[in-house]
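Asker: Which chain is which? The protein sequence lines are A and B, in order. Per our numbering, residue 1 is the first one in the first sequence, and the count goes up by one each step. Per our numbering, residue 279 is the first one in the second sequence, and the count goes up by one each step. Positions of the beta carbon are idealized from the N, C-alpha and C atoms, including for glycine. Before I ask anything, here is the structure I am working with.
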Amino acid sequence: MDAMTQMQFSETPLQVAAGMKPDAELPVRARVLDLSFYYGDKQALFNVTFPIHDRKVTAMIGPSGCGKSTLLRTMNRMHDLYPGNRYEGEVILYPENINIVSPQVDPMLVRLKIGMVFQKPNPFPKSIYENVAAGLWVRGIRKKSVVDDRVEQALTQAALWDEVKDRLRTSAYGLSGGQQQRLCIARALAPDPEMLLLDEPTSALDPIATARIEELVMELAPKVTIVIVTHNMQQAARISNFTAFMHLGRMAEFDLTEVIFTNPRDRRTQDYITGRFG
Amino acid sequence: MAKDDEAQILQSIDERALVKKANRQDLRFAIVGLTVLTVAMITLMALVIDFMIDGIPRINGEFLTSFPSRRPERAGILSAWVGSSLVMLVTAVLAVPIGVAAGIYLEEYAPKNWITDIIEINVTNLAGVPSIIYGLLALGLFVYGFGLGSTILVAGMTLALLILPIIIVATREALRSISLEMREAAYGLGADKWQAVSMYLLPAARPGILTGAIVGMSRAIGETAPIITIGALAFIAFLPPSPIQAEFPYVSFEWLNSPFTVMPIQMFNWISRPQPGFHIAAAATGVILLVMTLLMNGLAIYLRYRIREGMK
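The structure is reproduced here in structure tokens:
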């Protein structure tokens, strides 16, 4: 199946299902095209193709080891930190129209454009302020008024400002796990990324902290393009607009979230969401 | 049939006996371990205490502020401890930055190939080279080759070479032990290598690097063989020129070119004298050397604690 047909295949019904006029264009922020990925000799992704819609939440679900995290990590070239990994195919980022997995594109450029939040909260052993400002400093933004302003905005966006505004200079390690994860989201948001990748951001958190992160993702959705990997199907159903179901390194099904959860076309998706395997 | 056998074997396990046996084994090992530890500790303590009984009464202000003398009761270690301190200063200034930089390069920047592997094996092996070999190298290269003479600078350079591998290995270990999450956080922000290293990795590696540096320094301060080899004198009745001057430019590096002695050499010299008074002076010097080493280790523990607290 070639990439173009699948793309068209997956888009037109979506617009109809989304209740839009058929001629309304659903803007696309990035397009994964025929992407394969290899850890050394071991192929982990097989010809994955799907669109990432602008300022929408795209969730990736699937059983453990299905390649959903691997796929997410290709999108800011995290695999380049370790030797022996190889990409084939394309991930085109719009509107620049660059293939972010091409060896000609520096991973640093990709990471400067696309922010990432990891499975385990990983703040730096520094103050809350320094953590959020880190992304700005890395980009050479040092002017205090600008940095102060962006730090406040990012912390507000991450729904953390009210909790930490009086202790910005204290260590980030003094925060709870859920707060640390929201801090990491603020850190990723501060430089105003074109896309935000969340790799199972709530897997290390308790239900209350999880609910706050989910709320946050929904609040952010109208402003930022978000791709979230989750092993929690209810979470995907609650917070995402689109869902990609991955299975054994392949994209089994991609559709509007409500379609995936109410009327999946693929047998494997059906089995997974009804809990027959997982 | 076979199934019945299996069931029987599993049935016949006596859990209580197993626990008893395990406990007996643990006890036996604990007794052996404790015995070995006690013997080692008693030997060491006896040595140190014997040292202290001889040496401590001899330590007073005069001992620290007098030059060595022909008469044992008037001999002091002023030139020795000043010499040791200055040599340590040179060693630290040279070895720490070079060692840390080399460690960072090898761990973060160097491509992983066979050349790096060879360098790595060599660096690790260098840490085990006998110190007198470094002395010979320094004698040939620094003293004669560069014509620097037997000076504080040369001693500092020699000891810096000696502890460089220790610092390099410690730096690499410290960088390697930083969690992948921290690394990914730094690079995930779009940081370049230098930013990631200087802003995030190096601060996180600081406790490990510091420990390595101080372990190296503690080794250097007690080194005798390479310093003797490069021709340090045992009898020095003057101090190196002061680094701070009354006239412009106020600082002077003349002291780098001064002849010197260090505490282990002073000790060695006194022990080889026949008069018992000198033996006591040697014991007193040993006590001070020990205290200096302990203080350095204490400082390392304190700084490490402070840094860890600061990171929390």
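According to DSSP, simplified to helix, strand and coil, what is I92 (chain A)?
Answerer: DSSP places I92 (chain A) in strand when its eight states are reduced to three.
Asker: Less than 9 Å between CB atoms is the rule here; does K144 (chain A) satisfy it with respect to chain B?
Answerer: No, K144 (chain A) does not count as interfacial toward chain B.
Asker: If you count every other CB in all the chains shown that lies within 10 Å of the CB of K126 (chain A), and 16 or more means buried, which is it?
Answerer: Flag for K126 (chain A) reads buried.
Asker: Considering only C-alpha positions, which residue in the set A:G177, A:L183 and A:H231 is nearest to A209 (chain A)?
Answerer: Per the Cα distances, A:G177.
Asker: Quick check: the stretch 64-76 of chain A against the stretch 229-238 of chain A, are at least 3 beta-carbon pairs closer than 8 Å?
Answerer: Result yes; three or more Cβ-Cβ pairs closer than 8 Å.
Asker: Hey, could you find the ends of the beta strand (DSSP E) L256 (chain A) is sitting in?
Answerer: Segment R250 to L256, the beta strand (DSSP E) holding L256 (chain A).
Asker: Check for me: the beta strand (DSSP E) holding I52 (chain A) runs from which residue to which?
Answerer: First-last of the beta strand (DSSP E) with I52 (chain A): K42 to H53.
Asker: Provide the residue(s) that pair with A562 (chain B) in DSSP beta bridges, ordered along the chain.
Answerer: The partner list for A562 (chain B) (beta bridge, DSSP) is empty, contrary to what the question assumes.
Asker: If contact means a Cβ-Cβ distance below 7 Å, which residues of the stretch 552-584 of chain B contact chain A?
Answerer: Cβ contacts with chain A: none found.
Asker: For the structure I just gave you, are there three or more beta carbon pairs, one from the stretch 73-91 of chain A and one from the stretch 26-44 of chain A, closer than 8 Å?
Answerer: A contact exists between the stretch 73-91 of chain A and the stretch 26-44 of chain A.
Asker: Whole angstroms are fine: how far does the CA of S550 (chain B) sit from the CA of E587 (chain B)?
Answerer: Cα to Cα, the separation comes out at about 48 Å.
Asker: Would the stretch 452-461 of chain B and the stretch 473-487 of chain B be scored as touching if the rule is three or more Cβ pairs under 8 Å?
Answerer: Yes: at least three Cβ pairs fall under 8 Å.
Asker: Quick one: is V164 (chain A) near chain B, going by C-beta distance under 9 Å?
Answerer: False, the Cβ-Cβ gap to chain B never drops below 9 Å.
Asker: Opposite S357 (chain B) in the DSSP bridges: which residues?
Answerer: Its beta-bridge partners do not exist; DSSP assigns none.
Asker: Which of the three DSSP states is assigned to T502 (chain B) in this structure?
Answerer: Correct three-state label for T502 (chain B): coil.
Asker: Name the DSSP bridge partner or partners of S36 (chain A)?
Answerer: A:E88, per the DSSP bridge assignment.
Asker: So L342 (chain B) packs on G354 (chain B), CB below 8 Å; how close in whole Å?
Answerer: That belief holds up - the Cβ atoms of L342 (chain B) and G354 (chain B) are roughly 7 Å apart, short of 8 Å.
Asker: My understanding is that T539 (chain B) touches S357 (chain B), with C-beta atoms under 8 Å, so please give their C-beta distance in whole angstroms.
Answerer: Confirmed, Cβ separation roughly 6 Å.
Asker: For L81 (chain A), which residues in chain B fall below 8 Å Cβ to Cβ?
Answerer: Within 8 Å Cβ-Cβ: R461, E462 and Y465.
Asker: Please report whether the beta-carbon of N76 (chain A) lies at a distance below 9 Å from any beta-carbon of chain B.
Answerer: Yes, N76 (chain A) counts as interfacial toward chain B.
Asker: Pairing CB atoms from the stretch 435-447 of chain B with CB atoms from the stretch 100-117 of chain A, are three or more of them under 8 Å?
Answerer: Short answer: they don't touch.
Asker: Residues of the stretch 118-129 of chain A in Cβ contact with chain B at a cutoff of 7 Å, in chain order, please.
Answerer: Listed by position along the chain: F118, K120, N122, F124 and P125.
Asker: 9 Å is my cut-off, CB to CB: does R139 (chain A) come that close to chain B?
Answerer: Closer than 9 Å: yes.
Asker: D470 (chain B) touches chain A at which residues, Cβ-Cβ below 7 Å?
Answerer: Chain A residues near D470 (chain B): M108.
Asker: State the CB to CB distance for the pair P133 (chain A) and V147 (chain A), rounded to an integer number of angstroms; the pair is presumed to be in contact (CB under 8 Å).
Answerer: According to the sequence provided, residue 133 (chain A) is Ala. The question's Pro does not apply to it. Correct: roughly 5 Å between the Cβ atoms.
Asker: Does the stretch 210-220 of chain A come close enough to the stretch 178-189 of chain A to have 3 or more Cβ pairs within less than 8 Å?
Answerer: Yes, the stretch 210-220 of chain A touches the stretch 178-189 of chain A.
Asker: Please classify D328 (chain B): is it buried, with 16 or more other beta-carbons within 10 angstroms of its beta-carbon, or exposed?
Answerer: Counting Cβ neighbours within 10 Å, D328 (chain B) comes out exposed, since fewer than 16 surround it.
Asker: Between G500 (chain B) and the rest of its own chain, which residues show a CB-CB distance below 8 Å, the 5 nearest in sequence each way excluded?
Answerer: If we look at G500 (chain B) and ignore the five residues flanking it on each side, its Cβ neighbours are P542, L567 and T571.
Asker: Quick check: the stretch 111-128 of chain A against the stretch 458-466 of chain B, are at least 3 beta-carbon pairs closer than 8 Å?
Answerer: Yes, the stretch 458-466 of chain B touches the stretch 111-128 of chain A.
Asker: Could you check what DSSP says for L197 (chain A) in three-state terms: helix, strand or coil?
Answerer: In this structure, L197 (chain A) counts as strand in the three-state DSSP scheme.
Asker: Please tell me whether Q289 (chain B) has its Cβ less than 9 Å away from any Cβ of chain A.
Answerer: So, not an interface residue.
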